[in-house]
Amino acid sequence: MFNELAEKRRSVKVYAERPVEPAKIDAIVEAALRSPSGRATRPWEFVVVTDKILLEKLSVAKPEGAAFVKDAPAAVVVCGDPAASALWVEDCTIAAVTMQYAANALGLGSRWAQIKGNNFKEGTTSTQYIAQLLGLPENLNVQCMIAVGYPGEGMVPYKKDELRFDKVSYNRYGQKKA
Ligand SMILES: Cc1cc2nc3c(=O)[nH]c(=O)nc-3n(C[C@H](O)[C@H](O)[C@H](O)COP(=O)(O)O)c2cc1C
């Protein structure tokens, strides 16, 4: 049941020193390739990185907030082609989140590292740094990286009373459930 999966989902920053089975990586990527995209343009491309040195280099693609990538056994770099679709950001986002739930379904954890809008250092965007590192073609932008691995920390589910049901209206804004 999807809702049971959603109930348990949390982001994982600490990963166990256990490799992820290649078949699980394949299943995660396949789930992304099945994700919906505007007009079915599928403007995304994915680079699966398992090379330790590359993971370390990816973890410094921005000054803060991506360090966990170096300790993950794998990361998927989610790229999009703005020339292929004006909705490339939405489509990449949906594919990225699909991979996160697919990872959870396989007993793995994951965490998003935002790349779009970040700089590696002054004068170099994080996308430019990653493009150079991975040899991306010029048409691709990098939206994010999804680190994947067996969790090395607890994934404490949100309790139902922590959820922001106050943000939900029915029929008219501000109207609560009868
Ligand atoms: C669009 C987006 C960007 C994110 N960027 C980062 C990031 O750059 N670094 C990071 O450590 N976590 C990042 N995260 C993970 C969030 O910090 C995490 O989802 C949030 O703290 C809630 O925790 P939870 O996923 O366990 O519910 C991002 C998540 C989303 C959806």
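Take 54 as the starting number for the sequence shown in my numbering and just add one per residue.
Beta carbons are placed, not taken as given, at the ideal position from N, Cα and C, and that holds for glycine.
Everything numeric in this text was worked out from a predicted model, so none of it was measured.
Provide the residue span of the beta strand (DSSP E) that contains residue i, from first to last.
i	result
residue 156	Not the beta strand (DSSP E): residue 156 falls in the alpha helix (DSSP H), residues 141 to 158.
residue 114	No beta strand (DSSP E) contains residue 114, which DSSP labels as neither H nor E.
residue 61	Careful: residue 61 lies outside any beta strand (DSSP E), inside the alpha helix (DSSP H) at 55 to 61.
residue 130	127 to 133
residue 164	162 to 167
residue 172	172 to 174
residue 98	97 to 102
residue 194	194 to 202
Quick check: residue i and residue j, are their CB atoms within less than 7 Å of each other?
i	j	result
residue 130	residue 100	yes
residue 193	residue 134	yes
residue 78	residue 127	yes
residue 166	residue 125	no
residue 63	residue 152	no
residue 164	residue 66	yes
residue 107	residue 122	no
residue 138	residue 96	yes
residue 205	residue 68	yes
Using a 10 Å radius around the Cβ and a threshold of 16 neighbouring Cβ atoms, would you call residue i buried or exposed?
i	result
residue 116	exposed
residue 183	buried
residue 162	buried
residue 85	buried
residue 196	buried
residue 146	buried
residue 173	buried
The alpha helix (DSSP H) spanning residue i covers which residue range?
i	result
residue 183	179 to 187
residue 77	75 to 86
If residue i sits next to residue j, beta carbons under 8 Å apart, how far is it from one beta carbon to the other, in whole angstroms?
i	j	result
residue 168	residue 114	6 Å
residue 140	residue 91	4 Å
> Is the region 187 to 205 touching the region 142 to 161 in the sense that three or more CB pairs, one from each, lie closer than 8 Å?
Replying inline: yes
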